[in-house]
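Undergrad:
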Amino acid sequence: MKKYNLLLVFALIFSGALQAQKNMEEIDFDDLKNKKLVSEFIWSDFKKFQDYPVVPEEFNDEVAVYLEKEFYYSFKARMKSGSNVLKIRKMYRWIIKIQQDQGIEEFSTLRFYAFDEKKDQIGIRLIKANGSIVNIDDSRLLDDEDENGAFKKVSIPNLETGDIIDYYRYDNYKKVFYSQFSIFSPSYEVFVSDFPIVHQYLEFDLINNVYMLFSEFNDAPTAKVSENDKGVDVKIVYENTMIEKNDIKGKWINNLSVFPGIRYQVGAGKTPDGYLNQYLFSKGKYVTFKRSKSMLNELLREESGLFEVDKYGKKRNKAYNKKIATFYEGKKAPSKLERIEYVYNTSRFYDYNSISYLQGYLLDYLQDQGINYTIFHYIPKYLGDYHNILSRQDIEIGLKFNIDEKEYYYSNNRVNSVLGEIPPYFEGLKGYGVDFKNVLKYKKRDQLPIKEVFTPVSTPDRNAKNSTYEIVIDGEDLKVKSSESYVGQLKRKRHYYLPTDMSIIEDLKKYNVKEKDLLKEYPDYKEDYEKFIHVSLLDTTNDDEEMADYKYYFKMGIINNYDDGVKEVNAFDVKSTGRYIESPSLTIESDYIIEGFVKKMGADYLIDAGKLIGGQVNLDDDEREREVAISQDYVREFKNEISILIPEGYTVEGMEKMNVSVDNSNGRFIAITKVEGNQLLISTIKSYKKLDSPIEEWEEYLNFLDASYDFTQQKLLLKKG
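Residue numbers (the numbering used here): 751 to 1471.
Now the structure itself:
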């Protein structure tokens, strides 16, 4: 534990009772009982300017330098009858020296998000080169908000080069849990900074039956773990020095794959070791670090019960075959894929988020159809690799099977997922799996052979947005009729705005599931069924509250495409939800008016034609210089077909700059602009071709990104005469 000498007279007077119990020099962060003691703990020494660390010579040319970054986390469990509480206190301290005018601009205003004045505390002081200290009073904190939400901000008065800003934030809150033991969501700290750091310190205090899972990655410093005089309480400390600044402002960076850091997950409660082991804690330990592939294989073997069909599964399969025959009665005989899709989609009525629930549905049915399959574990790409996992919550389960020599993948039966579409954070990964045929062959699960499974990488056109726009000039407005179709990962984002209940109803209607059959086994659906069964999912005239939210988000999708230039939305309609193999595109048709894209110049029209394709990436100067590799979650493509009716008697000038072709191994932007008859036609395609690229290929990204942004700056003149 890092100690502070609390020698101030006012601190000794205020803390007299506490001093009677222990020497003030030995106070730890977890001993602080109230908010006032926090400031005494932080600023007990009242350092003058010359007492702060000297900036090392290699950092002299930086605009600003963190002399100190300190982070303290205290987790304390309180077990009570009826409910248990995990008390959490966090404190962050930053000491930064301003070395150039650009640093003044960067730090003249400090922002603090999600701040609760009743529980949290902020302290700020300015240390001048002459040794004087300026305390920034709480009354200077102002309310503000931006795209990230509401926050408090404060301006630092008379900030000059050479000044040192010393400020902290203290948060105090709790989480209630009712089970014997609870494990909370994981968090992470990445040891990375946009300014160099002279010294960094991170401490975790675990008090009274608090457990923690850790993973250290990318050469992070090794933790020092110790028990203190309270017995089972644990202290974990990370400390490192001389950290160079990193490129953390750039786009498409996977922090957990590039920078050193730690992930951690807290568990709390009194429970036997056997229960803890289910959450991957090491036996008998309060802190667990080690992760391995063998642990994943052990989990995979444990879950091989997903392969076994019980008597209820056989009964279900018989019922499914009967229902499928009824559904396809009078139609062509269903293919094997159609039969499996039927089971895949109808299983969503009952539990659409759990793959384990599909033990009685999809997996059983694959066996019934004689289709071999592989179940495998994988780690989503944003987590980096297996070294970064903490608990079962990090591990996703995938399913792979073949029909007619084509591979189909599955992971989590989301309500709007489509059989065979690649799930998010799934592409280009290595997992570990077991084949169904091997489960039948090996009687002992610990003998099951584990094989590597490599997930596919889709082509850009499988994650695409294809848009067509018919535009008529009306004074200084543009009347637009559009049709936008989404597939793959881009469709998945728009699917978040489809009402879940109504999506299930769409399945019920498609497969002719009778109300009495559903409600007999699942009576909880009665209210939703009665509410939605007589309403078309595509009916945007419905005024139900859920439908109102649904319509709002789809309208915002239109508005955001034009940077708030939408004057009026007259109509829009979801023509296809894209939730089935035979119709995989989410298609939305809209009718609206946009303003600010046309300027009347006498009898002529000046049109911001390039902006009609929507906003494009515009890199800041500091983003153009890149230090780390490029990492994308998925490849993707955007196509636009724009048709503008040319008023009679007008010609088009300026098209030469709107014909562009940039195509390389990482991406492309191609635009063709021409006149056919009385139509001005603009066709563009932009593709991101690779998941991962080395720094050396960043120039290729700049080429097609700049080409697409420059295109949006082009205007066309419609000239009378």
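Ideal Cβ positions, reconstructed from N, Cα and C, are used throughout, including at glycine.
Owing to the predicted nature of the structure, the values given are computational and were not obtained by experimental measurement.
Going residue by residue through the stretch 1058 to 1145, where are the continuous alpha helix (DSSP H) segments of at least 4 residues, counting only ones entirely within it?
TA: 1061 to 1077, 1086 to 1096, 1112 to 1118
Undergrad: Taking its Cβ as the centre, do 16 or more other Cβ atoms sit within 10 Å of ASN1262, making it buried, or is it exposed?
TA: exposed
Undergrad: Pull the bridge partners of GLN950 from the DSSP assignment, please.
TA: LYS819, ASN990
Undergrad: Output needed for GLY766: all residues of its chain with C-beta closer than 7 Å, excluding positions within five of it in sequence on either side, in chain order.
TA: The predicted position of GLY766 is uncertain, since its pLDDT is 31 and thus under 50; no value can be drawn from it.
Undergrad: Can you give me the start and stop residues for the beta strand (DSSP E) that ALA1214 sits inside?
TA: Unbroken beta strand (DSSP E) run through ALA1214: 1214 to 1224.
Undergrad: Return the bridge partner residues of ILE915 from the DSSP annotation.
TA: ILE846, LEU876
Undergrad: Tell me whether ALA1421 is buried or exposed, calling it buried when 16 or more other Cβ atoms sit within 10 Å of its Cβ.
TA: buried
Undergrad: For GLN771, I'd like the list of residues in its chain whose CB is within less than 8 Å of its CB, leaving aside the five on either flank, ordered along the chain.
TA: With a pLDDT of 29 at GLN771, under the threshold of 50, the modelled position of that residue is not reliable, and no figure is offered here.
Undergrad: Rounded to whole angstroms, what is the Cα-Cα separation between TYR1062 and SER937?
TA: 40 Å
Undergrad: Mind reading off the beta-carbon distance from PRO946 to ILE993? Whole number of angstroms is fine, and I expect it under 8 Å.
TA: 6 Å
Undergrad: Any idea which residues DSSP pairs ALA827 with across the strands?
TA: Under DSSP, ALA827 takes part in a beta bridge, and its partners are LEU836.
Undergrad: Measure the alpha-carbon distance for ASP1413 versus GLY1183 and round it to whole angstroms.
TA: Going from the Cα of ASP1413 to the Cα of GLY1183 covers about 38 Å.
Undergrad: Between which residues of its own chain and ASP1313 is the CB-CB distance below 7 Å, once the five residues before and five after are set aside?
TA: GLY1365
Undergrad: What separation, rounded to the nearest whole angstrom, lies between the Cα atoms of SER1044 and ILE1200?
TA: For the pair SER1044 and ILE1200, the Cα-to-Cα distance works out to about 10 Å.
Undergrad: What does a CB cutoff of less than 6 Å around THR859 pick up in its chain, not counting 5 residues either side in sequence?
TA: Within the same chain, LYS903, SER905 come within 6 Å of THR859 by CB-CB distance, once the 5 residues on both sides are set aside.
Undergrad: So does the stretch 925 to 934 actually touch the stretch 862 to 879, counting three or more Cβ pairs closer than 8 Å?
TA: Between the stretch 925 to 934 and the stretch 862 to 879, the count of C-beta pairs closer than 8 Å stays below three; the two stretches do not touch.
Undergrad: Taking the CB atoms as reference points, tell me whether ILE845 and PHE857 lie closer together than 8 Å.
TA: no
Undergrad: Which same chain residues, not among the five before or five after GLY1315, have their C-beta less than 7 Å away from its C-beta?
TA: ILE1344, GLU1345, GLY1346, PHE1347
Undergrad: Taking the C-alpha atoms as reference points, what is the distance between GLU966 and ILE914?
TA: Rounded to the nearest whole angstrom, the CA to CA distance from GLU966 to ILE914 is 32 Å.
Undergrad: How big is the Cα-Cα spacing for PHE1057 and GLU1256?
TA: 30 Å
Undergrad: Is the stretch 1173 to 1190 touching the stretch 1359 to 1377 in the sense that three or more CB pairs, one from each, lie closer than 8 Å?
TA: no
Undergrad: Please say whether LEU1087 and ILE1153 have beta carbons closer to each other than 8 Å?
TA: For ILE1153 and LEU1087, yes; Cβs fall inside 8 Å.
Undergrad: Enumerate in chain order the residues of its own chain whose CB-to-CB distance from ASN1428 is below 7 Å, with the five nearest sequence positions on each side excluded.
TA: LEU1395, ILE1396
Undergrad: Less than 6 Å between C-beta atoms, sequence neighbours within five positions excluded: which residues of the same chain meet that for LEU817?
TA: TYR802, PRO803, ILE845, LYS847, VAL948
Undergrad: DSSP three-state label for LYS1020, please.
TA: In the structure shown, LYS1020 sits in coil (DSSP, three-state: anything other than H, G, I, E or B).
Undergrad: By a C-beta neighbour count over all protein chains shown, 10 Å radius and 16 as the cutoff for buried, is PRO1210 buried or exposed?
TA: buried
Undergrad: Mind checking GLY1471: buried by the 16 CB within 10 Å criterion, or exposed?
TA: exposed
Undergrad: Less than 8 Å between the CB atoms is what I'm expecting for MET841 and TYR920, so what's the real figure, rounded?
TA: 5 Å
Undergrad: Measure the beta-carbon distance from ASN1320 to TYR1342 and round it to whole angstroms, keeping in mind my assumption that it falls under 8 Å.
TA: 6 Å
Undergrad: Using 8 Å as the threshold, is the C-beta distance between GLY1417 and SER1437 below it?
TA: yes
Undergrad: State the DSSP-derived secondary structure class of LYS1440, mapped to helix, strand or coil.
TA: coil
Undergrad: Say whether the stretch 1000 to 1013 touches the stretch 1374 to 1386, bearing in mind that this needs 3 or more beta-carbon pairs closer than 8 Å, one atom from each stretch.
TA: yes
Undergrad: Start and end of the beta strand (DSSP E) containing VAL1324?
TA: 1316 to 1327
Undergrad: Whole angstroms are fine: how far does the CA of GLU808 sit from the CA of SER789?
TA: 32 Å
Undergrad: Taking just the CA atoms, how far does ALA900 sit from ILE1012?
TA: Taking the straight line from one Cα to the other gives about 28 Å.
Undergrad: Measuring alpha carbon to alpha carbon, tell me which residue in PHE964, GLU1226, LYS1072 is nearest LYS1035.
TA: PHE964
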